[in-house]
Amino acid sequence: MTTMIHDLERISDERIHNVELVPVSKALRMNFGRVKVKGMICSLTRLFKMISGIKFYCDGCMKPTEINFPFPISNIRKNEAKCHYCNKNIENVNYYYVNTVVVELQDLESFNDLERLRVFLFDGDTENIRVGETVIIEGQILINESKNNGKKLFPYFYAELIQYDRSDSTALTQTDIGAINRFTKKHNSKIIDTLVSMFDPSIIGYEHVKKGLLLCAVNSSCDGNTRNSTNLRRERVHAFLIGEPGLAKSRLLKSVTKLVPNSKYESGGQNSSGKSLTAIVSKEQENYLLRLGPAPLSKNALCAVNEFGRMYYDDQTHFLDIMEEGEFTINKHGINAPIKSPTTIIASANPINNSAWAGVDKIDINEIPALKPIIDRFDLIFVFRNLKDEKVVREYAYKRSELETRKIPDYSNYIIKHIQYAKRFNPKISDEAKIMLNEFFIKIRIQHFGSNRILDTLFRLSKSIARLKLKQIVDEEDANEAMEFYNIVLQNFQSVISVSTSPKVIAYNTSILILKELNCSITFEDLVIKICEKNEQVRLYLNFENKSLKIHKNRKVRELYDMLVNHANIKRTNQKPTVLQWM
Ligand SMILES: [Zn+2]
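As numbered in the numbering used here, residues 265 to 847 make up the sequence shown, in order.
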C-alpha cells in the first residue's frame with residue numbers, strides 16, 4: 265500500500281486542541297483532514313515495519329539526500345528515490361523504519377459490523393495496545409489504495425495521539441437520580457415487581473424470566489466491587505433461556521440488550537457464517553490480524569447469544585473463561601493476547617432434540633445443548649414450554665388480544681437509568697442473610713443438585729436484588745427473595761427446597777421452646793449457651809466459639825434479649841444477673 269499524497273504536511277501542534285471529535289461512521293466518510301475519532305478497538309495486527317524516510321548518496325553530483333515522509337509507507341516507488349539535484353534515479357537507498365500496528369476502530373453503539381476504520385499506530389503507541397478498550401485517537405485521514413481489495417480506495421487514519429477513555433458516556437443527571445429515588449421509594453419493596461411489569465410489555469407473561477434478566481443487567485459491570493486477597497470476585501449473573509422453538513426467547517434476549525448500553529445481540533448459526541463470538545486470528549493483507557467478536561466487545565454489558573448450542577468449539581472453551589474469570593487468552597499464529605471480557609452472557613437454545621422436552625414437568629440436564637462445565641457457569645436456567653393448561657392459554661389469549669387495541673408503552677428509558685444508578689450500589693450481605701443463604705445451599709447440595717457454584721449464585725442474586733432496590737445492605741427480606749427466586753430455577757429439575765428462616769428467628773424460637781420446657785427460671789447467659797448447644801446454625805450465628813455472649817458485648821445476643829423480654833409470657837425475674845422465666 266502506498267500513500268498517495270506525500271506532500272501533505274502534518275499540521276503543527278498548536279492546532280491540536282481545536283480538532284473536531286467525530287464518530288467512526290463520520291471519519292470513514294471523510295477524504296482527508298485532521299480529526300479526533302472515538303471508538304472501540306475491535307482488531308489489531310502483529311507488529312510490522314513501515315518506511316518513515318530514506319537517505320541516499322548521488323554518485324553523479326556527489327551530494328547526499330534525506331527524505332522524511334510525513335506518513336510512513338510500505339514500499340518505495342521507482343521515481344521516489346531520485347536525486348534532488350540532478351534528478352537521477354538512485355539504486356542504493358537506506359531506509360528509516362518505524363514500528364507499526366494496524367488496529368480497527370468501531371463505533372460503540374453501532375450494530376454495523378462493516379463500519380470499521382483502519383488506524384496506523386506508530387512506535388510508542390504500538391506498545392500495550394488494549395484491544396476491546398474505548399479510545400480517542402487524534403490524527404489524519406488519508407485515502408489509500410487497498411492491496412488485496414481490487415485496488416479500491418479506502419480511508420486510513422494515521423494516529424499521532426492515543427488516549428484510553430474510561431469515562432462513562434451516559435452519565436446520570438441529578439434530576440435523573442432524584443426521580444429514580446422517588447420512584448423507588450414510592451414502590452418500596454415492590455420496586456422489582458414494578459420494573460418487571462415495565463419490561464417490554466409487548467411480551468406477555470414470563471415475569472420470572474424478565475425478573476431474572478433484570479438481575480443479570482444490574483450486576484453486569486459490578487465485578488471487583490468486592491475484593492478478596494487474590495482475585496476479583498465475579499458478580500456477573502449469567503442466564504440461559506432454553507426451550508421449545510417459537511416461544512418468546514429471542515424477543516426477551518433482544519429486549520434485555522436494549523436495557524444496558526453497549527450490549528450486543530448475536531443471532532444463531534455462527535458456524536455457517538464463519539464468525540467467531542470471542543476472537544479469531546486471520547490473515548489479511550499479508551499480516552495476521554486479531555479480531556474481537558461480540559462477547560469481548562460487549563464487556564461490562566450483556567452479550568445475548570441466540571442458538572447458543574451451535575457455536576465453535578474454540579468459542580465454547582473461551583466462554584468458560586469469559587463466564588468465570590472475565591478474561592480469555594488467544595494464542596495463534598504468533599499473536600498471544602489476554603483479552604479482558606467481563607461480559608454477562610445471556611444465551612438461548614432449543615432442547616437437544618430440537619423440538620420438545622422429553623419429560624412433561626421436569627427436564628434432564630442432558631437435554632441442554634452445551635458443555636457441562638458451561639451449563640454449570642450459568643447462574644439461572646429458565647425452561648420454556650408450550651402452554652398446555654387451558655386456563656393459562658386463555659389468560660394469554662385475552663392479554664394478547666388486548667394489546668391489539670391499545671398503544672404499548674415503552675418504559676425502557678426509565679429502566680436503563682434505574683439499572684445504571686443501581687449499579688453504583690455495592691450492598692453488603694448481613695450476617696443473618698448469609699446464614700439463611702448458606703442453609704438453603706446446604707439443603708440443595710445434600711439433594712445432590714448442581715455444584716458448589718450455587719452458593720456463589722445465591723450470594724450474587726441476593727446482591728442484585730438489593731441493588732435493584734437501591735439498598736446498601738442485603739437483609740433477610742432480600743435473602744428470602746433470592747431463595748424463592750432460585751426455587752423457580754430448581755422447579756424445573758427437581759422438587760423445591762424450603763426457604764431458610766432467619767437465624768435471628770431460629771434463635772428466638774429455640775429460646776422460647778427451652779423456656780417453656782424448663783418451667784422454671786434460668787439466667788439469660790445459660791439460656792444462650794443452651795440454644796447454641798441445641799442448634800448448630802444459632803451457634804454459628806452468635807459466634808459461640810470466638811465471641812462473648814454477654815449482652816453488652818454481642819449485638820446479636822442483645823437483639824435476641826430485646827425480642828424475648830418483649831414476649832408477653834416471658835418475665836424478667838432478676839436484673840443482675842438477668843434471669844428469665846416463662847409465665
Ligand atoms: Zn544527483
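Virtual Cβ for every residue (Gly too), placed ideally from N, Cα, C.
Give me the Cβ distance between residue i and residue j, rounded to the nearest whole Å; I'm assuming they're in contact under 8 Å.
i      : j      : result
Ile393 : Val365 : 6 Å
Lys687 : Val482 : 6 Å
Pro465 : Pro673 : 6 Å
Leu511 : Phe648 : 4 Å
Ser605 : Ala565 : That pair is no contact at about 11 Å.
Thr842 : Val802 : Actually they are not in contact, since the Cβ atoms of Thr842 and Val802 sit about 18 Å apart, beyond 8 Å.
Ser307 : Leu553 : 6 Å
Phe749 : Ile627 : Incorrect: roughly 18 Å between the Cβ atoms, too far for contact.
Excluding five sequence neighbours on each side, which residues of the same chain lie with their C-beta closer than 8 Å to the C-beta of residue i?
i      : result
Val362 : Lys313, Met314, Ile315, Ser316, Pro336, Phe386, Asp387
Tyr428 : Arg394, Glu397, Thr398, Val399
Asn818 : Leu806, Asn807, Lys811, Ser812
Asn225 : Residue 225 lies beyond the residue range present for the chain, which begins at 265 and ends at 847; the question has no answer from this structure.
Leu285 : Val299, Lys300, Val301, Lys302, Ile400
Glu781 : none
Apart from the five residues on each side of it in sequence, which residues of its chain come closer than 6 Å, Cβ to Cβ, to residue i?
i      : result
Ile616 : Glu631, Pro633
Gln845 : Ser785, Lys835, Thr837
Leu779 : Trp846
Lys840 : none
Ile455 : Thr448, Lys733
Asn650 : Glu508
For residue i, which option in the options has the closest C-alpha, if you only look at C-alpha atoms?
i      : options                        : result
Ile401 : His348, Pro287, Arg819         : Pro287
Leu378 : Ile610, Gly557, Asp457         : Gly557
Lys513 : Gly590, Thr593, Ser612         : Ser612
Ser715 : Ile752, Phe642, Leu285         : Phe642
Ala503 : Thr439, Asp579, Asn570         : Asn570
Lys302 : Gly403, Lys814, Cys347         : Gly403
Ile858 : Leu644, Cys350, Lys547         : Only positions 265 to 847 of the chain appear in this structure, which leaves residue 858 out of reach.
Tyr772 : Asn351, Glu284, Leu372, Asn830 : Asn830
Phe646 : Ile710, Ile752, Val283         : Ile752
Glu696 : Lys450, Leu782, Leu777, Lys820 : Lys820
Ile405 : Ile468, Ala423, Lys416, Glu391 : Ala423
Val299 : Lys290, Thr448, Ile305, Ile456 : Lys290
Lys681 : His451, Thr439, Asp389         : Thr439
Val545 : Ile305, Thr309, Lys840         : Thr309
Pro509 : Ile610, Ala620, Ile441, Glu284 : Ala620
Ala730 : Phe689, Met700, Gln755         : Phe689
Lys798 : Asp720, Ile776, Lys814         : Ile776
Ile770 : Ser453, Asp640, Phe572, Met700 : Met700
Asp371 : Glu668, Glu589, Pro525         : Pro525
Measuring only the C-alpha atoms, how far is residue i from residue j?
i      : j      : result
Thr490 : His712 : Confidence in Thr490 is poor, its pLDDT being 45 and thus under 50, which makes the residue's placement too unreliable to answer from.
Ala743 : Arg498 : 18 Å
Cys322 : Asp585 : 60 Å
Phe320 : Val357 : 5 Å
Lys768 : Glu800 : 13 Å
Glu344 : Pro334 : 14 Å
Ser764 : Ala832 : 26 Å
Glu745 : Phe463 : 19 Å
Thr787 : Asp739 : 30 Å
Lys563 : Tyr360 : 39 Å
Lys698 : Lys707 : 14 Å
Glu471 : Leu478 : 11 Å
His597 : Ile506 : 36 Å
Arg500 : Asn600 : 26 Å
Ile340 : Leu369 : 28 Å
Val657 : Tyr675 : 26 Å
Lys652 : Glu659 : 12 Å
Ala435 : Pro637 : 37 Å
Ala543 : Tyr685 : 31 Å
Leu804 : Arg515 : 46 Å
Glu355 : Pro602 : 44 Å
Ser485 : Ile679 : 16 Å
Phe592 : Lys814 : 51 Å
Asn595 : Met304 : 22 Å
Can you name, in chain order, every residue of its own chain whose Cβ lies under 7 Å from the Cβ of residue i, other than the five neighbours on each side?
i      : result
Leu292 : Glu379, Leu381, Pro419
Arg670 : none
Leu541 : Glu530, Gln534, Gly557, Pro558, Ala559, Val569, Met575, Asp579
Phe704 : Leu722, Met747, Ile761, Val763, Ser764
Ile331 : Gly317, Ile318
Arg555 : Cys306, Ser307, Ala543, Ile544, Ser546
Does the region 821-834 touch the region 778-797, meaning 3 or more C-beta pairs lie closer than 8 Å?
-> yes
Is there contact here, the region 723-736 with the region 521-530, by at least three beta-carbon pairs under 8 Å?
-> With contact defined as three or more Cβ pairs closer than 8 Å, the region 723-736 and the region 521-530 are not in contact.
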